[in-house]
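Protein chains: 2
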Amino acid sequence: MTQTISIGLLGLGTVGSGVVHIIEQHQDKLKHQVGCNVEVKHILVNNLEKKRDVVLNGAKLTTNPDDVLNDPDLDVIIEVMGGVKGTKDYIVQALQNKKHVVTANKDLMAVHGSELLEVASENRCDLFYEASVAGGIPILRSLVEGLSSDRITKMMGILNGTTNYILTKMTQEGAAYNDVLKEAQELGYAEADPTADVEGIDAARKIAILGTLGFSMHLDLDDVSIAGISQVSKEDLEYSKQLGYTMKLIGIANRTGDKVEVSVQPALFPETHPLAAVNDEFNAVYVYGEAVGETMFYGPGAGKLPTATAVVSDLVEVMKNIRLGVTGNSAVLPQFEKKLKNDEEIEAKYFLRLHAKDQPGTFSALTALFSSYGVSLEKILQQPAKEEGVADIVMTTHTVSKKNYQAILQQLHDLDVVSEIKSSYRVEGDES
Amino acid sequence: MTQTISIGLLGLGTVGSGVVHIIEQHQDKLKHQVGCNVEVKHILVNNLEKKRDVVLNGAKLTTNPDDVLNDPDLDVIIEVMGGVKGTKDYIVQALQNKKHVVTANKDLMAVHGSELLEVASENRCDLFYEASVAGGIPILRSLVEGLSSDRITKMMGILNGTTNYILTKMTQEGAAYNDVLKEAQELGYAEADPTADVEGIDAARKIAILGTLGFSMHLDLDDVSIAGISQVSKEDLEYSKQLGYTMKLIGIANRTGDKVEVSVQPALFPETHPLAAVNDEFNAVYVYGEAVGETMFYGPGAGKLPTATAVVSDLVEVMKNIRLGVTGNSAVLPQFEKKLKNDEEIEAKYFLRLHAKDQPGTFSALTALFSSYGVSLEKILQQPAKEEGVADIVMTTHTVSKKNYQAILQQLHDLDVVSEIKSSYRVEGDES
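As given, the protein sequences belong to chains S and G, one line each in that order. For the first sequence, the UniProt record's numbering assigns the number 1 to the initial residue and increments by one for each residue that follows. For the second sequence, the UniProt record's numbering assigns the number 1 to the initial residue and increments by one for each residue that follows.
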């Protein structure tokens with residue numbers, strides 16, 4: 001039986017050096033669990049001369065990917081370099097060389113996940129990607145194993161730390177989006193170009209990965225309907241609060257029968273909902289199972305050590321499988337054909353804020369429109385707007401199809417008494 | 001390779017019939033995951049004649065345990081009958097007959113867990129017990145696998161649904177303990193004899209199991225310092241709320257270096273802490289890892305289907321191991337010698353409420369006592385008590401050793417100006 005398992009690393013940035021550090025620090029514990037030694041032997045880097053504050057313990061550095069991918073001594077390749085195009089080719093090459101792969105790359109898995117899992121399966125190799133979804137939260141493993149005897153009907157995830165930090169500050173401090181974003185950039189919580197975060201693209205990648213695994217159906221980024229937080233105003237958050245709601249940028253994967261909906265958008269949760277208590281840069285995934293009911297997994301969504309911990313957990317899994325001679329059994333290929341819900345089948349409750357003429361008849365015009373679509377209103381709040389003769393009206397609806405709701409929005413827009421539709425958000429986690 | 005895995009059941013009560021139901025409903029999914037059929041063949045019951053609303057599909061019922069334990073056709077025994085003494089003997093017998101065991105029995109695992117795991121290991125059998133700790137939350141699996149490359153320093157768990165329901169109602173409705181308990185009993189949320197729940201014994205069993213696994217150190221019920229909620233008053237909750245805290249009955253397993261503390265008690269959490277948002281009968285386990293930081297697992301702590309789901313998840317794990325020929329590798333025997341912290345080493349913050357004479361000098365006498373032990377106070381709240389000339393004083397301390405805190409309580413008791421110490425609770429989750 002193998003006495004040492006040898007590792008190759010693609011990338012030695014923040015996460016990569018975290019992985020090297022954890023393996024170094026946990027030699028004893030890893031040996032107790034897996035029964036053999038583990039050694040990082042070969043590392044692909046951009047720059048051989050760069051000064052690094054990690055102890056490499058004899059690992060060779062190279063700038064030539066083939067040195068690592070074709071090294072016959074290596075059992076497992078850990079990919080922590082990021083990127084999609086070239087990285088995909090490296091992983092395919094590694095798998096074809098019968099090397100098991102652990103990756104933390106959400107961009108890659110969201111776009112090429114199913115294809116890579118097939119290559120892994122063909123080569124009887126393991127491909128694990130726990131770190132690609134929510135850093136330190138073992139959510140993929142929990143979906144695969146812990147809930148393996150259950151049918152998942154819905155997943156809702158706070159999957160992006162930057163936007164959760166921004167919304168938390170806006171809510172707690174009543175601050176404006178642009179001010180908080182600027183502060184987050186200064187503190188290093190947000191990128192100089194924050195588009196992928198604030199427009200919901202990063203969260204969309206992760207909910208696509210979650211949906212694929214949880215529903216056993218190949219879902220990719222194009223299947224996700226995406227809205228970000230850059231249009232969220234202080235006023236929206238104030239009115240939400242008055243109605244007892246907290247706003248979160250949420251990835252939703254929702255199944256009814258054999259059809260699914262996958263989306264990312266800012267949505268409102270009752271303040272008593274566990275997702276409403278997930279603050280700052282933390283992530284959480286709320287899962288509904290037919291048998292188990294509601295569960296939630298909470299933790300850091302990013303960060304050097306949480307991400308590196310998830311990578312090493314995957315590595316432990318792979319190493320156990322190598323020792324046991326059972327690699328290649330763990331890739332869970334999608335089992336069902338993809339069927340997306342159409343707009344008639346997507347149902348939700350909504351929060352709607354608009355400016356209307358402050359005059360008799362306004363309300364009955366509004367409510368008549370909603371009832372013409374069979375939609376009843378749950379909460380209504382009216383206040384004078386700053387502008388003379390204008391009322392600021394906030395409403396929440398009972399469940400309505402997306403198709404009908406969009407028709408209502410269109411007709412509201414055309415209604416004489418309505419001067420402007422200010423904002424609209426889904427309301428989630430409120431089963432009443 | 002085995003084409004059908006055969007199961008024996010000990011017990012066919014609520015959880016047992018849930019297990020039969022899930023296996024029946026998920027034949028296809030189980031086969032997709034494990035690659036073979038699974039069949040419940042033999043079931044130990046108390047009464048052969050009892051009418052049951054579960055489809056048994058050819059499984060034989062018996063009142064003789066040996067019929068199940070010695071049935072050479074069975075691969076796995078699922079124990080869902082409860083009880084400790086006789087049940088332990090059954091499980092030992094099953095393991096000695098080389099049958100793998102899944103149990104939902106917390107009483108048994110808290111008392112005889114380490115011993116049973118040793119028997120399992122000797123016989124190269126799997127023994128899984130996910131359902132024994134928190135019903136539908138896959139916490140044991142997450143501790144073993146997800147965080148396998150991390151060192152856990154602290155676990156805090158809301159581990160008992162009955163007490164969490166009672167404290168939630170007391171907090172939300174300002175109701176008295178006895179009234180809520182009575183209501184909970186009427187609704188079936190609390191037993192006619194609620195002692196094991198309300199006095200913290202049930203939670204203590206679970207934190208002992210968690211501590212044993214998380215710290216890899218054999219901890220049993222006698223190692224847990226236990227306080228329940230029967231003395232909690234409406235006033236305590238009102239004052240807590242005023243200071244921004246929510247009370248939870250919490251199991252704590254805490255490690256510093258190689259020494260641990262294990263306890264169960266009502267404790268106060270800042271309202272913004274995720275554990276404070278765990279309401280009603282829900283359970284949650286908050287885990288601190290050196291690398292991953294803070295994570296939380298939330299879900300139903302009990303109930304037919306959640307518990308049965310956890311049992312079937314364990315069963316899937318066992319079946320995979322059988323198919324792969326790797327059973328008996330999963331039992332994680334405690335690795336470290338047990339070392340408990342003494343009272344000097346157990347440190348916490350505290351909430352303290354007392355009645356004192358409403359006169360000059362009272363406050364300086366109190367604060368002088370605390371500072372003589374080097375303890376500073378964080379928050380102070382004083383209000384007139386109902387009784388004339390008496391002040392109701394509430395304080396929270398900064399971190400203090402249990403030894404010093406108990407000495408302070410003793411001296412407060414003897415202090416002239418103090419008429420009565422009303423209550424005292426640990427404050428947790430507040431790292432400031």
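We treat Cβ as the ideally placed atom computed from N, Cα and C, and that holds for glycine.
Bridge partner(s) assigned by DSSP for P270 of chain G: According to DSSP, which records beta bridges pairwise, P270 of chain G is partnered with G:Y245.
Assumed close pair T307 of chain G, G135 of chain G - CB separation to whole angstroms, cut-off 8 Å: Confirmed, about 5 Å.
Local Cβ density within 10 Å of V285 of chain G, reported as buried at 16 or more and exposed below that: In the assembly as shown, V285 of chain G is a buried residue. Its beta-carbon has 16 or more other beta-carbons within 10 Å.
Cutoff 8 Å; reference N123 of chain S; Cβ partners in own chain excluding five residues on either side: Excluding sequence neighbours, N123 of chain S sits near L95, Q96, K98 and G328.
C-beta atoms of R426 of chain S and K379 of chain S nearer than 9 Å: Result no, Cβ atoms of R426 of chain S and K379 of chain S do not sit closer than 9 Å.
Near-chain G residues of the segment 40-59 of chain S - C-beta to any C-beta below 9 Å: Cβ contacts with chain G come from no residue of the segment 40-59 of chain S.
Which listed residue (G:T256, G:G251, G:E271 and G:I250) has its alpha carbon closest to that of D241 of chain G: A small fix is needed here, since residue 241 of chain G is Lys in this sequence, not Asp. Answer by Cα proximity: G:E271.
T399 of chain S, DSSP secondary structure in three states: Note: T399 of chain S maps to coil in three-state DSSP.
Interface flag, I152 of chain G vs chain S, CB-CB below 9 Å: It does not: the Cβ of I152 of chain G has no partner Cβ on chain S nearer than 9 Å.
Option in S:G389, S:N57, S:I226 and S:D73 with minimal Cα separation from I199 of chain S: Inspection of the sequence shows that residue 199 of chain S is occupied by Glu rather than by Ile. Cα-wise, what sits closest to E199 of chain S is S:I226.
Y104 of chain G vs A131 of chain G beta-carbon contact at 9 Å: It should be noted that the sequence gives Ala, not Tyr, for residue 104 of chain G. Yes, the Cβ-Cβ distance between A104 of chain G and A131 of chain G is below 9 Å.
Contacts that H26 of chain S makes with chain G (C-beta to C-beta distance below 7 Å): Within chain G, the residues near H26 of chain S are S149.
For M156 of chain G and K386 of chain G, the rounded distance between their alpha carbons: Answer to the nearest angstrom: the Cα atoms are 36 Å apart.
Presumed contact (8 Å Cβ cut-off) between V68 of chain S and L74 of chain S, rounded CB distance: For a cut-off of 8 Å, the C-beta gap from V68 of chain S to L74 of chain S is around 7 Å, short enough to register as a contact.
Chain S contact for H273 of chain G (CB, 9 Å cutoff): By this cut-off, H273 of chain G is an interface position.
Reduced DSSP category for R323 of chain G - H, G, I as helix; E, B as strand; rest coil: If DSSP states are grouped into helix, strand and coil, R323 of chain G belongs with the helices.
M247 of chain G versus G:K259, G:N321, G:P274 and G:F336, residue with shortest Cα-Cα distance: With distances taken between Cα atoms, M247 of chain G lies closest to G:P274.
M81 of chain G in three-state terms, based on DSSP: In the structure shown, M81 of chain G sits in coil (DSSP, three-state: anything other than H, G, I, E or B).
C-beta neighbour in chain G for K29 of chain S, strict 9 Å: So yes, K29 of chain S belongs to the interface.
Three-way DSSP call (helix, strand, coil) for H63 of chain G in this model: With the sequence shown as reference, residue 63 of chain G is identified as Thr, and His is not the correct amino acid for it. Residue state for T63 of chain G is assigned as coil, using DSSP reduced to three classes.
Test item: CB-CB of V133 of chain S and L210 of chain S under 9 Å: By the CB criterion at 9 Å, V133 of chain S and L210 of chain S fall inside the cutoff.
Contact belief for L305 of chain G with V292 of chain S at Cβ below 8 Å, rounded distance in angstroms: Taking C-beta atoms under 8 Å as the contact rule, L305 of chain G and V292 of chain S qualify, at a distance of about 7 Å.
Closest residue to V19 of chain G among G:N46, G:L56 and G:K51 (Cα-Cα distance): Answer by Cα proximity: G:L56.
Contact between the segment 154-171 of chain S and the segment 246-264 of chain S (3+ Cβ pairs under 8 Å): In short, these stretches touch, since the Cβ pair count reaches three.
When G:V260, G:G228 and G:I91 are compared against N160 of chain G, the one with the closest alpha-carbon: The shortest C-alpha separation from N160 of chain G is found at G:G228.
Members of the segment 65-88 of chain G that neighbour chain S once the beta carbon cut-off is set at 8 Å: If the cut-off is 8 Å between Cβ atoms, the segment 65-88 of chain G has nothing near chain S.
Test: N164 of chain S CB closer than 9 Å to a CB of chain G: For N164 of chain S, the closest Cβ of chain G is not nearer than 9 Å.
Inter-stretch contact at 8 Å, needing at least 3 Cβ pairs: the segment 340-358 of chain G / the segment 415-424 of chain G: Judged by Cβ distances under 8 Å, the segment 340-358 of chain G makes contact with the segment 415-424 of chain G, as three or more pairs qualify.
Residue environment, T256 of chain G, which counts as buried when at least 16 other CB atoms sit within 10 Å: Around the Cβ of T256 of chain G, a 10 Å sphere holds fewer than 16 other Cβ atoms; the residue is exposed.
Any C-beta of chain S under 9 Å from that of F128 of chain G: F128 of chain G is outside the set of residues whose beta carbon lies under 9 Å from a beta carbon in chain S.
Length of the line joining the Cα atoms of A208 of chain S and A192 of chain G: The straight-line gap separating the alpha-carbon atoms of A208 of chain S and A192 of chain G is approximately 48 Å.
Any chain G beta carbon closer than 9 Å to L315 of chain S: Cβ-Cβ to chain G under 9 Å: yes for L315 of chain S.
Cβ neighbours of A59 of chain S in the same chain (closer than 7 Å, five flanking residues each side left out): Correct list, in chain order: V40, K41, H42 and I43.
Inter-residue Cα distance where the pair is L10 of chain S and V326 of chain S: When rounded, the distance between both Cα atoms is 24 Å.
Through-space distance from L48 of chain G to L61 of chain G, alpha-carbon basis: For L61 of chain G and L48 of chain G, the distance between alpha carbons rounds to 7 Å.
Rounded separation between L340 of chain G and T212 of chain G - CA only: Their backbone Cα atoms lie some 12 Å apart in a straight line.
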